[in-house]
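Asker: Numbering (the UniProt record's numbering), first residue to last: 1 to 70.
Backbone N, C-alpha and C fix where the C-beta goes; we use that ideal spot for every residue, glycine too.
Below you'll find the structure I mean.
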């Protein structure tokens, strides 16, 4: 998931740079920038959720290990 996030981030930055250099349209650059920022926020939220799920899973496992078996 982390590798995918990094790849998507760099692809977005490359697209933004390409748009700025080649197209030079203020509105298109703004649109690509907004899409990139939105996608970065969504990816950030997904990563935080995933880490939270993993943390809860680890805590649940530790609780189960600590509980007396009988």
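Report yes or no: do three or more beta-carbon pairs, one from the region 6-16 and one from the region 32-39, lie closer than 8 Å?
Answerer: Touching, yes.
Asker: Compute the Euclidean distance between the alpha carbons of residue 22 and residue 12, then round it to the nearest angstrom.
Answerer: Roughly 15 Å separates the two Cα atoms.
Asker: Secondary structure at residue 25, three-state DSSP: helix, strand or coil?
Answerer: coil
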